[in-house]
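A.B. asks:
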Amino acid sequence: MTDKASKLKTLRQEIGALEASETRFRTPTRLELPARAGPVSEVWADEEGQDPLASFRQQAGLHEVRPDTYLDGPLAFAFAALWLAGLDSDRPVLWVHQAGSRLDFGGPCPDGLMARGLDPRRLVRVRPRAMSDALWAMENGLKAGLLVLGEAGGDRCDLTATKRLHQAAKARATSLMLVRPHDASGPSAALTRWRVAPQASRAAAYRGAGGLPGPGSLRLRAVLERQRGGAPDQFELEWTHDPFCRAQPAPVADRPAAPVPRRLTG
């Protein structure tokens, strides 16, 4: 075998090995996900260690959440995802994300969803261009018996549209968590309407060389602005992986304010 033929044979073998490795890489494999930290009552906890949202979450129908400010949009999505993750159900989750929405903070993060208890393999993402198409997708997803996390940023999501969505969810005993902009207004047929804002987390254990504590658990204030047949309410909530962890107020609330230094005159 000539030197040229030998090099050609070696090159073919290398190409074959690369193609084989690429095929193995593209072959879908089962992703083993960790089990959830605990039952539903241990996902959200207030200062008493209880889950105050359990009774609201079990009501089939339409629920709404909006951020306190525009930049709190990702927190509203986290609240909605955790709301659906806390349901005792393995139904697929239809995420209706309208292209060009005012709530456009990027797509869902599989690692983040998995860390919050929502298996990303249950997620079906739809990106309609128009609000009318988004409403159609949400309604038909509910009629199919899916859990739905939707966005509503336009005027077309009015009282008539929300009534249709609520009736579709109620008929199939499923839930729709609708995320709306921070300045959304107008009537709605939602069972509950929430407004969420971030709160200071408890300091985590020291893990860095800079002397600063690591990030703490997700904490927020959830204001129940409206509920059918009930009064408004407010909850301080913390999400934690540890079912034996009891939520406590942030350390800044546990100590008195620092004394104001006196101004020396002379």
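1450 is the number of the first residue of the sequence shown in our numbering; add one for each residue after it. The beta carbon of each residue, even a glycine, is placed where N, CA and C say it ideally should be.
Rounded to whole angstroms, what's the CA-CA distance from Q1547 to G1510? Just pull it up for me.
C.D. replies: For the purposes of this step, residue 1547 is taken as the residue at position 98 of the sequence shown. For the purposes of this step, residue 1510 is taken as the residue at position 61 of the sequence shown. Between Q1547 and G1510, the C-alpha separation is close to 21 Å.
A.B. asks: Tell me, please, whether the segment 1644 to 1651 touches the segment 1531 to 1548 by the rule of three or more beta-carbon pairs shorter than 8 Å.
C.D. replies: Here the segment 1644 to 1651 makes no contact with the segment 1531 to 1548; the two share fewer than three CB pairs at distances below 8 Å.
A.B. asks: Helix, strand or coil for P1557 per DSSP?
C.D. replies: Sequence index remark: in the sequence shown, residue 1557 carries index 108 (1-based). Coil.
A.B. asks: If I'm right that A1639 touches L1627 with Cβ under 8 Å, what's the distance once you round it to whole angstroms?
C.D. replies: The residue labelled residue 1639 in the question sits at position 190 within the sequence shown. The residue labelled residue 1627 in the question sits at position 178 within the sequence shown. A1639 to L1627, Cβ: 7 Å. Contact.
A.B. asks: From this set, A1622, C1606, D1607, which residue's C-alpha is nearest G1594's C-alpha?
C.D. replies: One-based indexing of the sequence shown puts residue 1594 at position 145. Comparing Cα positions, the closest option is A1622.
A.B. asks: Write down the C-beta distance between L1591 and T1641 rounded to the nearest angstrom, noting that I regard them as a contact closer than 8 Å.
C.D. replies: One-based indexing of the sequence shown puts residue 1591 at position 142. One-based indexing of the sequence shown puts residue 1641 at position 192. Between T1641 and L1591 the Cβ distance is about 17 Å, and since that is not below 8 Å, they are no contact.
A.B. asks: My parser needs the alpha helix (DSSP H) runs of 4 or more residues fully inside the segment 1502 to 1569; what are they?
C.D. replies: Runs of the alpha helix (DSSP H) inside the segment 1502 to 1569: 1503 to 1506, 1522 to 1534, 1559 to 1564.
A.B. asks: Mind checking G1555: buried by the 16 CB within 10 Å criterion, or exposed?
C.D. replies: To locate residue 1555, count along the sequence shown from 1; it is residue 106. Per the 10 Å Cβ criterion, exposed.
A.B. asks: In the DSSP assignment, find the alpha helix (DSSP H) that holds D1682 and state where it starts and stops.
C.D. replies: Here residue 1682 refers to the residue found at position 233 of the sequence shown. That residue, D1682, is in no alpha helix (DSSP H); its beta strand (DSSP E) goes 1682 to 1688.
A.B. asks: Which residue wins for smallest C-alpha separation from P1576, given the options L1567, P1523, R1570, M1587?
C.D. replies: Reading the sequence shown from its first residue, position 127 is the one you call residue 1576. Correcting the residue identity first, residue 1576 is Arg in this sequence and not Pro. For the residues L1567, P1523, R1570, M1587, the minimum Cα distance to R1576 belongs to M1587.
A.B. asks: Just curious, the beta strand (DSSP E) that L1667 is in, first and last residue?
C.D. replies: For the purposes of this step, residue 1667 is taken as the residue at position 218 of the sequence shown. Taken as a continuous stretch (DSSP letters only), the beta strand (DSSP E) holding L1667 covers 1667 to 1676.
A.B. asks: Which residue wins for smallest C-alpha separation from P1630, given the options E1600, W1585, Q1508, D1500?
C.D. replies: On the sequence shown, residue 1630 is found 181 positions in, with the first residue counted as 1. When only C-alpha atoms are compared, the closest one is E1600.
A.B. asks: If distances are taken between C-alpha atoms only, which option among L1614, L1608, L1598 comes closest to W1390?
C.D. replies: The chain is shown only over 1450 to 1715; residue 1390 falls outside these bounds and no answer can be derived.
A.B. asks: Taking the continuous beta strand (DSSP E) assigned at S1624, which residues delimit it?
C.D. replies: Position 175 of the sequence shown, counted from the first residue, corresponds to residue 1624. Note, S1624: beta strand (DSSP E), 1624 to 1628.
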